[in-house]
Amino acid sequence: MRVVVFISGRGSNLQALRERQENYTISHVICNHAQAAGLQIARDFDIPSTVIPWRDTDQAEAQALALLREINPDLIVLAGFMRVLSAGFVANFQFKIINIHPSLLPLYPGLNTHQRALNDRQSKHGATVHYVDQHLDQGHSISQCHINITAKDTAETLAARLLSKEHKLLTTTVNKIASGEIYWQDNQLFYNNQVITQPIVWSNI
Ligand code: GRF
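Plus 7 on top of the position in the sequence shown (first one is 1) and you've got the working numbering.
In structure tokens form, the structure reads like this:
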């Protein structure tokens, strides 16, 4: 399976995806910041990359679309990509774009998820891998991981503790999509040939 990864910054999820790839290859990285640290990770692994500045959304999406038509990926993974893709763009890749979001969706779509969970005195927090549709962070959830929030936690400690689990969640999910264990069919999510109505939670993540 050919995967294209979209990033905006650090690229730790990209690195995890590359290091833990079993059933897929990363064909290309698309990044909206020329200075993003994640671009060096792509270079270190000899993954071709393209910077698309995304100053003008229409122009950027047209450029990304032309590139993606050439590459023809099976899956697009948004891994810390901080731009919202338009409904028109997403419509080209129905159930072929997934995103990792640092909250237990449907809680806390958008930004500052860790602080918002703390403000609400939640006892649990987590991350979600979901399909991308035209609504921000609202596409069908695929999988989730959880962490407990303690009295000492800050937004920073939560983000740090969650990140290593995000890496496992995203790489496991992509490997299982690539192996055909997770798939979307007839408006339903399947895992191991069973219809899944709740996000998948793996006991070891
Ligand atoms: C991750 O926490 C991801 O959930 C969020 O942005 C962060 C990206 O980190 N959407 P990295 O660039 O993969 O290190």
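Even for Gly, the Cβ is constructed at its ideal location relative to N, Cα and C.
Residue i versus residue j - alpha carbon distance
i	j	result
S56	F197	32 Å
N199	S150	14 Å
T64	Q122	29 Å
T179	A158	30 Å
Q201	Q42	43 Å
S33	F52	Reading off the sequence shown, one finds Ile at residue 33, where the question assumed Ser. Looking at the two C-alpha atoms, the distance is approximately 10 Å.
Q145	F102	13 Å
D193	S210	28 Å
P206	R76	30 Å
V10	K175	17 Å
Y115	R128	13 Å
I54	W191	28 Å
R50	Q28	17 Å
Environment of residue i [buried if 16+ CB atoms lie within 10 Å]
i	result
H132	buried
Q47	exposed
R62	exposed
E173	buried
A98	exposed
E26	exposed
V208	exposed
P60	exposed
T135	buried
Contact check, residue i vs residue j, beta carbons under 8 Å
i	j	result
T120	P109	yes
M8	N30	yes
S130	N155	yes
L143	A86	no
I78	H137	no
L118	S19	no
G45	L74	no
I189	V139	no
I37	A69	no
Residue from the options whose Cα sits closest to the Cα of residue i
i	options	result
I95	Q66, I154, T161 and L118	At residue 95 the sequence reads Gly, which differs from the Ile that was named. Among Q66, I154, T161 and L118, the Cα nearest to that of G95 is on Q66.
L125	E163, V11 and D63	E163
V58	L82, V12 and S93	V12
T204	H147, I212, L165 and T179	H147
N182	D81, T64 and A69	D81
R168	W191, I212, I184 and P206	I212
I184	V84, G16, R17 and R50	V84
S93	R128, I54, Q141 and Q192	Q141
R90	R50, L111, G16 and A49	G16
H153	R50, I54 and L111	L111
Presumed contact (8 Å Cβ cut-off) between residue i and residue j, rounded CB distance
i	j	result
I14	F88	6 Å
L165	I107	In fact, because the Cβ distance is near 15 Å, the residues do not count as touching under 8 Å.
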